[in-house]
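Below is one structure, written out as C-alpha cells; the observations come after it.
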Ligand SMILES: Nc1ncnc2c1ncn2[C@@H]1O[C@H](COP(=O)(O)OP(=O)(O)OP(=O)(O)O)[C@@H](O)[C@H]1O
Ligand SMILES: [Mg+2]
C-alpha cells in the first residue's frame, strides 16, 4: 500500500502535540497518529529549556509513532506569531518557455523574486504567501500555471521571524531526531481549521488562547492582515486559582478543568467542591461561584487586552465575521457568552472535525496538515496533475513512508 503521510507538530507552552495525517487520493485527510506530551521547556511560547523541550518532543513523537506503526522521520513545524513581521512585496519574472506557457518553475521563480527584500541581520524568512498573480498586467489570478504570458508578477506576503527564536525551535526538533520539512505560521494553521471561506472574506478575528499565549489574528479579503501575540493565557488562570484558593498549581489546574466556569453568574448558587488539603487535613469546601469569579476576572482581563490590541491594529468595531476562539482555554464552559458580552461581537469556538482530535487544543497541529495539503498538494506523488491550490514554494513534501509502503 502506498501512503501519503505528513506530520504536523505544535510546540506549545503547555503541550507538544504531534499529528500524523494521511492524504487520501480523493483529497480528504485521515488522522492516523496522535501524540501529546506535557512541555515544561517553554514560557509564554518561547523555549527556555532545550532539554525539557527535546524530551517532550520525543515523547509526543513516540506516542504518534506507536499509533502509525512506523518511524516518523520528518515533520512540519508550527511557528508562533510573536516576533513575526508581515511584509508585502512583489516579484516579477519573464516566462521562460519558448511557447510562453507558464509552468510551476516560473511560479517558483516569481515567488523567489518576491523573497528579495532587505532584511535586518537578525531576521529570516519563514514563508512567502502569494496573494494574487498578475500575467501581462491582468491581475486577480489565483493559479497561473498553464496560462500563456510573457511577464509573470506576484503580489505576495513575506513572513519573517527573528533568527534566535526560530533557531532554538529548530534545534530542539533536530535533537529529537526529526528533520524539518517546512514551517507554518500557527495562525495560518489555525485558520485552516477554524475559519470558513466566508469568514476569511468578510473579515474575522481569530483568537487562539493557549496556556502561555493569546494569539490574535485578523483575516479579511481571504488573507491574513495582522497578527499579535500576547504573553498571557490559561496558565495565568491556573495560578490565580492557586493563589486565590491557597492550593497547589496541580490542584488548581484540576479544579479549573473539572469545575471551571467562565462567569460567576453562570455558576449554580449552591454548588460546592471539595478541595484536598495537604498533610491529611480535612478537605476544604469551596463554592463553585468563588472558582468562577477567579476565572472570570482573568478571562475578562485577557479579552480586554485582546480588544485593546485590536483597536491598536485599527479594528475598533467588530468585523462582520465576528470572533472565532480556539486553543485550550476556549474549552472553558460559558466562554462564548462571556466573550460576546465583553467584546460586543458574535463569538464561536472552532475545533478540528476529526474523530480523536475533536478539540480546540488540536487546531494548530491539525491545521498544519491542512495548510500543507492546501498549498502543497501538487508536490505530492500521486497528486500530480490535480493541483489544488497555489504552491508555497518553501515547503517541499518529501513523501516519507512512501517507499516503506511501496
Ligand atoms: N476544559 C478546559 N477548560 C478550561 N481550560 C482548559 C481546558 N482544557 C485546557 N485548558 C487550558 O488551556 C491551556 C492549554 O491550551 P493549549 O493546549 O491550546 O496551549 P499551548 O498550545 O500548549 O500553549 P500556547 O499556545 O500558549 O503556547 C491550559 O492553560 C489549560 O489549562
Ligand atoms: Mg498553542
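Numbering (the numbering used here), first residue to last: 3 to 408.
Each residue gets a CB set at the ideal place from its N, CA and C atoms; glycine is no exception.
Computed from a prediction, not measured in an experiment: that's the story for all the values here.
When you measure from the CB of residue i to every non-hydrogen atom of ligand 2, does any distance come out below 7 angstroms?
i: residue 210; result: yes
i: residue 83; result: no
i: residue 249; result: no
i: residue 366; result: yes
Please name the residue in the options whose C-alpha comes closest to that of residue i.
i: residue 101; options: 113, 128, 151 and 90; result: 151
i: residue 308; options: 279, 274, 290 and 234; result: 234
i: residue 164; options: 54, 194 and 84; result: 84
i: residue 345; options: 351, 302, 359 and 378; result: 302
i: residue 290; options: 134, 203 and 270; result: 270
i: residue 183; options: 342, 362, 192 and 9; result: 9
i: residue 153; options: 195, 200 and 95; result: 95
i: residue 292; options: 314, 242, 141 and 316; result: 242
i: residue 455; options: 74, 130 and 35; result: Absent from the model: residue 455. The displayed extent of the chain is 3 to 408, so no value can be given.
i: residue 34; options: 214, 356, 366 and 333; result: 356
i: residue 76; options: 286, 278 and 174; result: 174
i: residue 316; options: 135, 252, 267 and 230; result: 230
i: residue 216; options: 189, 203 and 204; result: 189
i: residue 1; options: 349, 363, 300 and 232; result: The displayed coordinates of the chain run from 3 to 408. Any statement about residue 1 would go beyond what the structure contains.
i: residue 258; options: 364, 331 and 48; result: 331
i: residue 201; options: 371, 349 and 38; result: 349
i: residue 167; options: 37, 51 and 7; result: 51
i: residue 205; options: 7, 227, 74 and 296; result: 227
i: residue 103; options: 136, 121 and 149; result: 149
i: residue 170; options: 53, 373 and 313; result: 53
i: residue 305; options: 283, 342, 321 and 322; result: 342
i: residue 362; options: 320, 286 and 209; result: 209
i: residue 313; options: 145, 218 and 7; result: 218
i: residue 283; options: 249, 254, 296 and 256; result: 249
When you measure from the CB of residue i to every non-hydrogen atom of ligand 1, does any distance come out below 7 angstroms?
i: residue 363; result: yes
i: residue 10; result: no
i: residue 331; result: yes
i: residue 237; result: yes
i: residue 259; result: yes
i: residue 77; result: no
i: residue 15; result: yes
i: residue 55; result: no
i: residue 255; result: yes
i: residue 185; result: no
i: residue 163; result: no
i: residue 262; result: yes
i: residue 213; result: yes
i: residue 47; result: yes
i: residue 240; result: yes
i: residue 377; result: no
i: residue 334; result: yes
Let me know the secondary structure DSSP gives residue i once reduced to three states.
i: residue 386; result: A caution first: residue 386 carries a pLDDT of 30, below 50, which makes its placement in the model unreliable, though a value can still be read off. Coil.
i: residue 17; result: strand
i: residue 163; result: strand
i: residue 251; result: helix
i: residue 360; result: coil
i: residue 113; result: helix
i: residue 145; result: coil
i: residue 27; result: coil
i: residue 317; result: coil
i: residue 152; result: coil
i: residue 225; result: strand
i: residue 340; result: helix
i: residue 210; result: strand
i: residue 104; result: coil
i: residue 170; result: helix
i: residue 86; result: coil
i: residue 284; result: coil
i: residue 42; result: coil
i: residue 192; result: helix
Problem set entry | Cβ pair count under 8 angstroms reaching 3, the region 54-72 against the region 4-21 | yes
Exercise. Are the region 221-233 and the region 254-263 touching by the rule of at least three beta carbon pairs closer than 8 angstroms?
Worked result: no
Problem set entry | Segment contact flag, the region 158-178 with the region 51-62, C-beta cutoff 8 angstroms, min 3 pairs | yes
Exercise. Does the region 107-117 touch the region 151-162, meaning 3 or more C-beta pairs lie closer than 8 angstroms?
Worked result: yes
Problem set entry | Contact between the region 120-127 and the region 67-78 (3+ Cβ pairs under 8 angstroms) | no
For this session: Decide yes or no for the touch test of the region 312-329 against the region 196-211: beta carbon pairs closer than 8 angstroms, at least 3 of them.
Result: yes
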